[in-house]
Structures are given as structure tokens and as C-alpha cells.
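Everything below concerns the one structure shown next.
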Amino acid sequence: MDIDGSESTMDEADSERLRVAYRDLQTQVASTVDTEAGLDSMHDRATAGRRARRSIAAAVAVAAAVAVVGIAVVLGRSNAGDDVVADHGPPRGASTTIADECSLGRGARIYLQPTATDEQIATIRAALVASGAHGLDYVDRAATYREFRDIFHDQPDLLAASRPEDLPTSFRVSDPDAAGRIDWPAMRSLPGVLRVEPLARGCASMPAGPAAVPSAAASTTPADCPTRPGLADLGKLLPTRFDPVPLPGAGGGSGIGGPCTRHWEVPGDPGTHVTEFVGDSGVTVSSLGGAVVEAAGLDGWSWGHVEDGLWLADPSGRFVVVGYGVDEAEWRALIGELIKQP
Amino acid sequence: MEAATLPLLGRENRVQHPTMEFDDFYRREFTGLVVLAAAVTGERQGAEDIVQESMLDAHRRWDRIGSYDSPRGWVRRVVIQRALKWSRRRLNEGRAALRSVAGGRIVSGAEDRRDPDLLEALRSLPAKQRAAMALHYLEDASVADTAEMLGVSTGTVKTHLSRGRRQLAGLLRIDADDAAEDGAADGNGRP
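So the sequence lines, in the order shown, correspond to chains B and Z.
Count along the first sequence from 1, add 60, and you get the number used in this note's numbering.
Count along the second sequence from 1, add 1121, and you get the number used in this note's numbering.
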């Protein structure tokens, strides 16, 4: 037998040896797999994932609409006689501005976390009443959902993705005098309060408040990074409280995400991460390439899944990536991988 | 276990069929895909997570995938991609540094000693070589289908298979010889 023939015979023998080895592997691994337990676990996760995606999809739609017309238009109707609704909301947290307090003095709507408990809602109501808030209305879940459906009646995809429990209920203080007596910083600090929005623009001249841009202390983004209007403050727009966090190694062009990346986290939820690409990070929706397995249009917005979460993109192509159920190391790996995409 | 003999499907081969029940699909394919994931990563640990995540992807869009001629073909692609990514991460994390190849033998970390011999041997191969070997020898995929699945040329697949076959067969032969020697030694030691 010549050399080629000998090698071929050897290869055939090796191939047969390998087939046997792979069959043994099948037998060994199969004996340790619990398919039914896996199926149960998968259904549990699918249910949780649907809930999260519905919530975030609704959040994005709300954010997109808020970027254009303000949250008071999206989820709260201004009272008859109110002239103009605010086109940007007050800053979150304890900080206040002249414009903020001036607006709130003309009436306000206090949005509650969708997860607020009955006890928290009762406490908030009691605090409002104690402040002398006459003309207090509670916009419950059903009423909020009706408003939502009215506003988005022409967006069936969004309506299908949204449920009443995804939306924030609210108290509406329509009496300007009463609203002027309320201690708003204290109100915002109550558990269960999502944010406070003015019902009407109360000042002739509104100086730019800190909500227009993220605070310098909170942002990892250098001042020269470009921003686009409407989403300058992601944490303000998404109806879940996202706090900006300095991710170690991020920013400054030396860490993940580069100099024009901002990172956010949900307080009390270490498994949720948000990364916002605000400038020329080199990452675009199209450059996500194989990482994107699904995309759906929503009034110019789009979103898709990445391995550990999903991405959201506004019509201009700027996007954010949201991850859930991941720790920081995994998140850094995913973002780092996206950055490396050609 | 059912042998994996379904044809690989490209986009052009996707045919609409009545949607099968997802749970039936899961029960039928889960174990085989776990074996595939283990063969691609070279580790039993983590294989179920890879398949579970891939099944979750399929579940999310089952209305569409369930009507494909071969939903398994779609899920298998996702499993392979995830398994390769998982391997890269493992490498990046430095855990793979615990193992090294010395004189053709693999020195494994203690945590891996429970793995079957083939998995231990597979870890000496590059990830894409493992994937090529698994598709060809485990899934009975042709060279052309394996190339299409991995996004490489048929020549590259042949190279992967040739090198992988020789290295694995060599390692398995050594293991077999060792086992035979051990057995002989035991036999000699018995009264």
C-alpha cells in the first residue's frame, strides 16, 4: 500500500474511533440531562422576559413620545384652561430649580412607580392631603391605560406590548394654591414616587434647569461629546429610575464604551444595566451585525435582542443597550464585544 | 438518543409548515443540543445554559421558527454561535489558562476531572476546530454544510477536521493505552 493509501486507512480508523467516542459522549451527557426541569425553567424565564420586554417597550415608546411632547401630554391631560404643558420635566431627586418650583406652583401630577404598594400610595395621598392639596384626583390604572390607548391608538404593536400594570398611576393636584403649598422635594423622596410633573408652564421665562443635561458628577461623558435633543437625560425619560453610574474603566477613551458612553443602573436591581452611546462610539445599529436577531419598528424607533438584553435605537440611529439578569462583568464583556464590531 | 440527521438549512431552504408545539420540540431536541454544546465548548458545565438560552430565543419567536422546515437547524445555529462565544469568554476570563498541553497530554484543572475523556481531549483544540469536529462527527454534517454553518471555506473545514482528527485520535489512543496498561497492572497485582 502506498503512503497515501496508508494515511487514508489510518484516517478511516481514526474517524471510526472518533465516532465511537462521540457516541459515548452522547450517552454519558444524555444520562445527566433533566429535560422536564429544563422546560419548566425555560417557561419561567420566558414569562419573566416577556414582562421585562413589555415594560421596556412601553417605556421606550413613552420616552419617544415624551421627547417630542412632554410626559404631561403623553400620560397626563392638562386641565381645561391650562395654557401650555411643559416640554421638559423637573429634575429628579432632591434638587430643585426656580423653573421647577414655579411650574409646580400651578398644579402638578405625581406619577407613582408601577410597583408602588397600596400602603405607599396611601402614604403619598396622606402627605398630599396633609400639605393642604385640595382638588386631589387619583388617576388609577384603568384610567391611565385608557389614556394610553387613546394616545397610541394608531400604534397596534405598542398597544399589544403594553399592559395596564406597565404604566404609572398618578395623583393630580389641579389647585394652583394647593400645589404651591406642597413640599415637593419631600414629596419626591417618598417611596413609590416616580416623578413629579407640572401641569402647566408657570413662568414666563424658564431658565434651563439641570434636567437638560446630566449632571457633571453623574456623567462619565466628556463635555465635547455630541448629544441629540430629546434624550439628553435617559434617566429622566424612562419611567424606571435609572441612576447614572461611573463604570470603572469607562469614559476617557481608555475603557469600555469609549469617551462618549454613559452607563446607568437601576437602584436595587444589580442585574439591570443600561449603556447609552451618545456620540461617535463607532457602534451603530447596523454594526451590531450578528448580535441582532430581531428588530421591530415602532414609530421610527427600533429594538432588537442581544445576548444578555436588548438594544433600542432612536430614528437617528443613536441607541442604548439594556441588559437584565447580568452582572457587571458580563455586561462589560457584552458592551466590549459590541464596541469591537467592525 | 435520536441521532441528529436533519439537514442543515440555509435561508433559502426555509419552508413554511404548520407550527409544531414548542414543548414537543424542546423535549425532542434539548438533550441532543446539550451534547452538541458540550462538544463545541469541550465542557459539560455550561452546555445546558447555552442550549437553554438558545431555546429561549426560539421560544420568543416560535410563531415564525416553528413553521420552518427545520426549527432545529435554526436553533442549532444559535447553539453553535453561543458555544463559540462562550468559549471565547472562557478564554478571556483566563480560566482556560488553568489547562495547558504538555507533551500531547492535557493537564486539567481539578474541577474538570469529572468530564468524559473526549471532552477533556477536545479542550486541546481551538474552538472552531471543536465546532467543525462536532458538526461532522456528532451531527453527521457534510463538509460543505459545516463550512456554511461556521462561515468558513470548505478548505478550512477540511483542515480543521484533519488536524482535529489526528490530535483527538492520538489523545484517545494514549488514553486507551493507559487504561490497558492500568488494567494489566491491576491484573498482574492480583493473586
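Each residue gets a CB set at the ideal place from its N, CA and C atoms; glycine is no exception.
1. Kindly identify the DSSP beta-bridge partner or partners of V1196 of chain Z.
2. Can you tell me where the alpha helix (DSSP H) with E168 of chain B in it begins and where it stops?
3. What does the alpha-carbon distance come out to for the pair D1261 of chain Z and V1172 of chain Z?
4. Can you find a CB in chain B that lies within less than 8 Å of the CB of Y1189 of chain Z?
5. With DSSP as the reference, please indicate the residues paired to D197 of chain B in a beta bridge.
6. Quick one: residues in its chain with C-beta nearer than 7 Å to the C-beta of A1253 of chain Z, no 5 flanking neighbours on either side, listed in chain order?
7. Leaving out five residues on either side along the sequence, give the residues of the same chain with a beta carbon under 7 Å from the beta carbon of Y205 of chain B.
8. Under the three-state reduction of DSSP, which class applies to L227 of chain B: helix, strand or coil?
9. What does the alpha-carbon distance come out to for the pair R169 of chain B and V1200 of chain Z?
10. A1204 of chain Z and V89 of chain B - do their beta-carbons sit closer together than 8 Å?
11. Would the beta-carbon of L1157 of chain Z fall within 8 Å of that of A1248 of chain Z?
12. Kindly identify the DSSP beta-bridge partner or partners of V1155 of chain Z.
13. Going by other Cβ atoms of all chains shown within 10 Å of its Cβ, with 16 needed for buried, is V1155 of chain Z buried or exposed?
14. Less than 6 Å between C-beta atoms, sequence neighbours within five positions excluded: which residues of the same chain meet that for A264 of chain B?
15. Given that a residue counts as buried once 16 or more other Cβ atoms are within 10 Å of its Cβ, and exposed if not, what is A239 of chain B?
16. Measure how close the beta-carbons of V253 of chain B and L196 of chain B come, nearest whole angstrom, since I'm counting them as under 8 Å.
17. Strictly under 8 Å for the Cβ-Cβ distance: is L254 of chain B near chain Z by that measure?
18. Run through chain Z and tell me which residues come within less than 8 Å of M102 of chain B, C-beta to C-beta.
19. Using 10 angstroms around the beta-carbon of G1163 of chain Z, count the other beta-carbons present and answer buried if the total reaches 16, otherwise exposed.
20. Does DSSP put L1293 of chain Z in a helix, a strand or coil?
21. Can you tell which of Z:S1188, Z:R1198, Z:D1184 has its C-alpha closest to the C-alpha of E1174 of chain Z?
22. Exposed or buried, what is G192 of chain B when buried is set at 16 or more other beta-carbons lying within 10 Å of its beta-carbon?
23. Under the assumption that V1161 of chain Z contacts R1251 of chain Z (Cβ atoms under 8 Å), give the Cβ distance between them as a whole number of angstroms.
24. Using DSSP bridges, identify the partner residues of V253 of chain B.
25. If you reduce the DSSP assignment to three classes, tell me which class G1272 of chain Z lands in.
26. Going by alpha carbons, who is nearest to H103 of chain B out of Z:D1170, Z:G1153, Z:H1257, Z:H1180?
27. Could you work out which residues of chain B lie near T1152 of chain Z, taking near to mean beta carbons separated by less than 8 Å?
28. V1196 of chain Z to E76 of chain B, Cα distance in whole Å?
29. Out of curiosity, what's the CA-to-CA distance linking D178 of chain B and E207 of chain B?
30. Mind listing the chain B neighbours of L1240 of chain Z? Cutoff is C-beta to C-beta under 8 Å, in chain order.
31. When the Cα atoms are used, what is the spatial distance from R1149 of chain Z to L85 of chain B?
32. Taking all protein chains shown into account, do 16 or more other C-beta atoms lie within 10 angstroms of the C-beta of T92 of chain B, making it buried, or fewer, making it exposed?
33. So what does DSSP say about T92 of chain B, is it helix, strand or coil?
34. Taking Cβ positions only, does E1169 of chain Z come closer than 8 Å to chain B?
35. Do G1167 of chain Z and W1207 of chain Z have their CB atoms nearer than 8 Å?
The structure says:
1. According to DSSP, which records beta bridges pairwise, V1196 of chain Z is partnered with nothing at all.
2. Looking at the sequence provided, one finds Ala at residue 168 of chain B rather than Glu. That residue, A168 of chain B, is in no alpha helix (DSSP H); its beta strand (DSSP E) goes 168-172.
3. Separation of D1261 of chain Z and V1172 of chain Z (C-alpha to C-alpha, rounded to the nearest whole angstrom) is 19 Å.
4. False, the Cβ-Cβ gap to chain B never drops below 8 Å.
5. In the DSSP secondary-structure assignment, D197 of chain B is bridged to B:R232.
6. T1267, L1271, V1278, H1281, L1282, G1285
7. P224, L227
8. coil
9. Cα to Cα, R169 of chain B sits roughly 49 Å from V1200 of chain Z.
10. no
11. Not closer than 8 Å, so no.
12. According to DSSP, V1155 of chain Z bridges with nothing at all.
13. buried
14. The predicted model places A264 of chain B with a pLDDT of 29, which falls under 50 and marks its position as unreliable; any figure quoted below should be read in that light. So the list is empty, once near-sequence residues are dropped.
15. buried
16. Contact flag wrong, Cβ pair sits at about 15 Å.
17. no
18. Per Cβ cutoff of 8 Å: Y1147, Q1173, M1176, L1177, H1180.
19. So G1163 of chain Z counts as buried.
20. helix
21. Z:R1198
22. exposed
23. 5 Å
24. The partner list for V253 of chain B (beta bridge, DSSP) reads B:L172.
25. coil
26. Z:H1180
27. V89, A90, V93, T95
28. 28 Å
29. 22 Å
30. Here the neighbours are L85.
31. 18 Å
32. exposed
33. Under the three-state reduction of DSSP, T92 of chain B is assigned to coil, being neither helix nor strand.
34. yes
35. Yes, the Cβ-Cβ distance between G1167 of chain Z and W1207 of chain Z is below 8 Å.
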